[in-house]
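Protein chains in written order, with this note's numbering: chain A, 1 to 407; chain B, 408 to 711; chain C, 712 to 1009.
By construction, the Cβ of each residue, glycine as well, lies at the ideal position given by its N, Cα and C atoms.
Here the structure comes first, spelled out in C-alpha cells, and everything after it is commentary.
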Amino acid sequence: MKLTKLTAALCASVAMPAMATELEVTHWWTSGGEAAAVAELAKAFDASGDKWIDGAIAGGGGTARPIMISRITGGDPMGATQFNHGQQALELVEAGLMLDLTDVAEANNWKEIVYPPSLLDACTVDGKIYCAPVNIHSPEWLWLSNKVYEDIGIPVPKDWNEFVATAPQVEAAGKIPLALGNQPWQSNLAFGAMQIAVAGLDAWKAVNVDKNMDVAAGPEYAKVFQAAADARKLAAKSTVQDWNQATNLVITDEAAGQIMGDWAQGEFQVANEVAGKDYTCLPGLGLNEYISTGGDAFYFPKLDDPEKEAAQKRLAALLVSPEVQVAFNLKKGSLPIRGDIDLSAANDCMKKGLEILAGGNIVPSGDMNWNPDVQKQAEDLMVEFWKSDMPAEEAQAKWVEILKSGL
Amino acid sequence: MADASMTRSAAMAGPRGAKPRKTLSPRNIMLYGTLIVVCLYYLLPLWVMVMTSLKGMPEVRLGNIFSPPVEFTFQPWVKAWKEACTGLNCDGLSRGFWNSVIITVPSVVLSIAIASVNGYALINWRFKGSDIFFTILIFGSFIPYQIMLYPIVILLREAGIYGTLWGLVIVHTIFGMPILTLLFRNYFSAIPEELFKAARVDGAGFWGIYFRIMLPMSLPIFVVALILQVTGIWNDFLFGVVFTKPDLYPMTVQLNNIVNSVQGVKEYNVNMAATLLTGLVPLVVYFVSGKLFVRGIAAGAVKG
Amino acid sequence: MAEARGRARWTRNISAKIAAIPMIATALVVFLGGTIWTVVYSFTNSKLLPKANFVGFDQYERLWATSRWTISIQNLMFYGVMSLVFTVVMGFILAVLMDQKIRHEDTFRTIMLYPFALSFIVTGLVWQWILNPQFGIQGVVRDWGWESFTFDPLNNPQTVLYGLLIAGLWQGTGFVMCLMLAGLRGIDEDIWKAARVDGIPTWKTYVVVIIPMMRAVFITTLVIVASGIIRLYDLVVAMTSGGPGGNASQVPAMYVYDYMFQAQNLGQGFAASTMMLLSVLIVLIPWAYLEFGGKKHG
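Given below as C-alpha cells:
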C-alpha cells in the first residue's frame, strides 16, 4: 500500500515535467518586491501544470528592450515578454511576430473586465488583441516629509500650491524644498505630473489625446511651464543622481518633498516610515486628483509549436485572472487592471490610488499618447529646462515643436 | 630636486642593475613614496566599496561613506553570492558562475590564438591586401557594440548558430580581434627580423616559426592580451544575454539584475559585494599571470 | 608558364593566407558589411525595426539641429584630448616606476589593475559618492574644520568633465601601465647596457632611445584608449546621466543608444553613429597611409 503510493507519487513527479510545457518569460522586474511579485505569477503558472522559465533582465527599457527585440527578430523568441503599456511593441505586432490573443480575450471576457478600458485599447492593433495587461503604475505623486514641516511649525501642505508657498520657510530652515535626481526621466516625470495638476484635465486632454497644438502653445500650458520654472529653483540644491537617493533625502528629512511615482512607496516602507505619520502622499500633487495609467503588459511572440502556443494562451488568461491579479499587485505595490477585485490588504497610499481609479479619475499614460521618439526628445528638453535657466516661453515653444514631430 | 635625485640614483642602479642593497636610499623613498600615493588613489573607491559592503542598510543610509562599519556584517556578501534574486531564481551570483567560466575559457583561448596568428601573419608574412584588412579591423575597434547588435543578430541567424554557446564564442572572438591583432602585430614588429630570416634559412615554415620563436618571445604581450580578454569577456553582459538562453546566462546577468534595477529598493551594500565578487576572477588572473611579466628570457635564449 | 607563375604567386604564403581567413572574414563581413548596413539604414525612417523606407538626409538634418548632439561632440573632444594625454603620460610613468626592480611588483600591479575589472555601473556610483559635496570628500574635509573647503566637480557644468576624468583615469590607466610595461620588458637589455657604457643619464635614455623604440606600443595604446573614449557611455550614465545643467556631460554614444533603444528611432541612432564612424575614418585614413604607404617592412 505504502509502496504503491510512493510509486504513484514518483510517477507523478516524473511525469509532471514531461507533460508541462516550458515557457521562457522575459521581464525587467528584479528588485526585491518586484521579484516577489513575479514569483506569484510563476507560482500560479506552474500550479496550472506548465513551467515558467524565468528570464529576468534588469535595467528597464534601455537595457532590457534591445535584448528582447534582438531575440524576437533573431528567430529565437521567448515564450512571453514584458513591455510597458503603449506603442513599444507596435512594430513587432505589425511585422507579424506576435501572437494574436483575441480568442483568449473573448473567451475570458476581457472587454468587460479590464479596467480602465484604455489598457486593452493599447493592446489592440487592427481590431485584434496582442497583449495581456497586468498592472497600473502612476507617476503623479508628491511625497512629503512630515517632520520637516513639524520642525518649522507649519502644517504639512495639502497641495502643490501650498507646497510652493511654504518653500521659502523650508529653505530658511536649511532644508531642500524639492528633491530631484539628475537622471533625465525624473525631470520629465516631474513635468508630466505638473502638466495635469496645473493645466487641468481639459487642457491636458486637448494636448495629449486630441493633439491640439494651439492649446499646447496656449496660456494654460504657459502656466505649467511657469510653475516648472519656479519648481526648478526649489530643486537647485538637490545634488543626487538616482531617484531613490532623492527619496532618501525626504526620508532623512533633508528635503521637504519629491515628485515621484507610486513605486517610491517601497523606499518609505523599507525605512520603516508610516504613511500619514512620517510622510504624506498627494496623488495628482493634491491639485487635480488624477493619475495616469502607465504600467506593464505581456506580449507573446509567435512560436512555431502548437503546444507552446496553447501554453502561451493559458498564461495570458492566467495573468488577467482575479487571483493572480490580487496576489501579484499586492506584492508589486501597483494597482490591478480590473475593478472587480478586493484589495483590502493594501496600505494607505495604495488605497488612495485605488479610490481614484474606482472614481474614474484616470488618464492614459504618456506611453499610450506619444511614440517613444517624441517622449525621448521631450525628456531631453525637460532635462535642459529643469537644470538650466532656459526661459519658460522658450521651453514651451521647443516643446510644441517636439510634439508636432509626432503627429 | 625630485627629478634630479631620482635620475641620479636611477642611473646608478638602472632598471637592469642589481637589486639595490640600501632599502632607505633617497631613490627608494621617492620610488615607493610615489607608488604608494598612486595606490591610495586606486584604493580609495575600493575602500568605500569594501566598507559599504560590510555595513547594514540602515548604516549605509546614514551616509558616511568612508567610515568603517560600526557593526560588521557579511550578510551582503552572502546575499550577493547565493540569495539575491534574479526574478525567480534566488541563488545570487553563484547561479551564473560556471556559465561564465564555460563562456570565458573558449572565448579567451580562441580569440587570443586567432589574433596572435593574425598579428604574426601581418608582420612576417604579408600578402597583397593584408594592410587593407588590418586597417578595416582597426576601424572596427571604434564601432560601439550596440550599433552592431542588429547586423550580428542577422548574421548569426543566417549562419544558424543564433542562441548557441558557439555563436557567443564567435561573437567574442570577432569583437576581440581588432585590438588583440593590433596588440600582437605591433609587439611582433619590434622583434628583430634577423631571427625570422635565420629561421627561414634553417627551413622552418609558418607554424614552426610561430611556435618556436614568436610565441616564447612574447610572454608579456600574451599576458596583456589575457588581461584584456578575461576582463572584457568576464564582464560582458550584452552579448551574453542577447546571444544565449537563460540556462547559459553568464554571472553578469545576475550582477546587472542586482545593481541595475530601476524601480524598487536599492541595496547598495549588496551591490558593492556583488561587484567585488564578480571582479575576483579577473583579479586572480591578473595576479597569477603577473609572473609572466618577465623581460625577454626567450630573446636571450634564442641568441644564446 | 604564365599560369604556373600565377599559381605560384597564389600559393606563396599559403599557410599565412589560410591562417588569415578569420581575420579577412571578420573585416569584410562583420565590420565593413555592418558599417555599410548601418550607413544605408541611416537614410531611412526606421523606428523599432530596420525598414528600407528611404527619407534622404532627414535624419542628418534633425541630428545637426539638435543641441544635445552638438554639445555632445564638444564634450567628447575636450574629454578625449584630456583623457588621452593623461592616460598615456600616467601609464608610461607608472610603467617606468614599476620597471625599477621594485619589491612586491605583483601587488602594486594588481592594485592598479583592479579597477579595470569592476563594472562601471557600480564604480560610477562610488565615484559619485566620493565626489558628492554632502557625504564625499568635501563633507569629510569640512568635518575636519576647514569649513570653506569646496570640492564639487560633478554639480558644476564647468568642471563636470574633470570629475568624469578622475574616475575614467582611475579605471583605465592600470591597463595602459601594463601595456607599457610589456613594451619596456620587450626592449633588449643590450640597449640599456650600451646606454650606460656611453654614460647617457637614465631619463635621457628613456626619452631619446626607449620611447622611439616603443613607437608601436604607443600606437597600440593610443588606439585602445581612443576607441574606449569614442565608446564612452556607462561611466557617464552612472555618474552624471549627462548633466548637470542639462547637457554638460553628454557624449555621442549616449545619444546613439538613447535614440536607438529608448526612443526607438533606429534611423536617428544610425545617423548619429555614422557621423561618429566618419570622424574615426578621418583620423584613421591618414594614419593608415603613413603606416603602410611607401615603406615596406624590413
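| query | result |
| --- | --- |
| A/E34 versus A/K331 - alpha carbon distance | 7 angstroms |
| CB contact below 8 angstroms: B/G570 versus chain A | yes |
| Identity of the residues DSSP links to A/F83 by a beta bridge | A/A297 |
| Simplified DSSP assignment, three categories, for A/I402 | helix |
| Beta-carbon proximity of C/A806 to C/M924, cut-off 8 angstroms | no |
| Residue burial classification, B/S474 (beta-carbon count within 10 angstroms, cutoff 16) | exposed |
| Beta carbon proximity, A/M359 to chain C, threshold 8 angstroms | The sequence shown places Gly at residue 359 of chain A, not Met. No, no contact with chain C. |
| B/R619 CB to nearest heavy atom of the ligand FMN below 7 angstroms | By its list of ligands, the structure shown contains no ligand whatsoever, and the ligand FMN lies outside what it can speak to. |
| Residues within the stretch 593-610 of chain B neighbouring chain C, beta-carbon criterion of under 7 angstroms | N593, Y594, S596, A597, E600 |
| Residue of B/V688, B/I443, B/I530, B/L450 minimising C-alpha distance to B/M621 | B/I530 |
| Spatial neighbours of A/I307 in its chain, beta-carbon cut-off 7 angstroms, leaving aside the 5 residues before and after | The residue asked about is misnamed: residue 307 of chain A is Glu in this sequence, not Ile. Excluding residues within five positions, the ones whose Cβ falls inside 7 angstroms are T21. |
| Per DSSP, the bridge partner or partners of A/H27 | A/A56 |
| Opening and closing residue of the alpha helix (DSSP H) in which B/W641 lies | 626-642 |
| Coarse secondary structure for B/I559, derived from DSSP in three states | helix |
| CB contact check: A/D214 to chain B, cutoff 8 angstroms | no |
| Identified DSSP bridge partners for C/F765 | C/T755 |
| Span of the beta strand (DSSP E), counted from its first residue to its last, around C/I993 | It is not in any beta strand (DSSP E) - C/I993 instead sits in the alpha helix (DSSP H) that spans 977-1003. |
| DSSP bridge partner residues for C/K728 (one or two, in chain order) | Paired residues: none, contrary to the question. |
| Between the CA atoms of C/N867 and A/A44 - distance to the nearest angstrom | 51 angstroms |
| Exposure of A/E24, with buried meaning 16 or more beta-carbon neighbours within 10 Å | buried |
| Which of helix, strand or coil DSSP assigns to C/G835 | helix |
| Span separating the alpha-carbon of B/P433 from that of C/T913 | 16 angstroms |
| Below-8 angstroms beta-carbon distance, A/T73 vs any chain C residue | yes |
| Chain B within 8 angstroms of A/G447, Cβ atoms only | This structure does not reach residue 447 of chain A, given that chain A is present from 1 up to 407, and the question cannot be answered. |
| Cβ contact check for the stretch 95-105 of chain A and the stretch 591-604 of chain B: 3 or more pairs under 8 angstroms | no |
| Proximity winner among A/A95, A/E379, A/D103, relative to A/A190 (alpha-carbon distances) | A/E379 |
| Contact list for B/P653 against chain A, beta-carbon separation under 9 angstroms | E24, T26, I53, D54, G55, A56, M78 |
| Residue interval of the alpha helix (DSSP H) (run including A/Q269) | 265-270 |
| For B/G536 and B/K652, believed in contact at Cβ under 8 angstroms, the rounded distance | Actually they do not touch by this definition, with Cβ atoms about 39 angstroms apart. |
| C-alpha distance - A/P168 paired with A/D151, whole-angstrom precision | 14 angstroms |
| Distance between A/R65 and A/N135 (C-alpha atoms, nearest Å) | 19 angstroms |
| Positions along the stretch 689-700 of chain B whose CB lies within less than 7 angstroms of some CB in chain F | No chain F appears in the structure shown, which is made up of the protein chains A, B and C. |
| Neighbourhood of B/W454 by C-beta distance below 8 angstroms, restricted to the same chain and skipping five residues each side | F473 |
| Local conformation of C/T870 per DSSP, three classes | coil |
| For A/Q258, the first and last residue of its enclosing beta strand (DSSP E) | 255-260 |
| Cβ-Cβ separation, B/G503 to B/E490 (assumed contact under 8 angstroms), whole Å | Actually they are not in contact, since the Cβ atoms of B/E490 and B/G503 sit about 14 angstroms apart, beyond 8 angstroms. |
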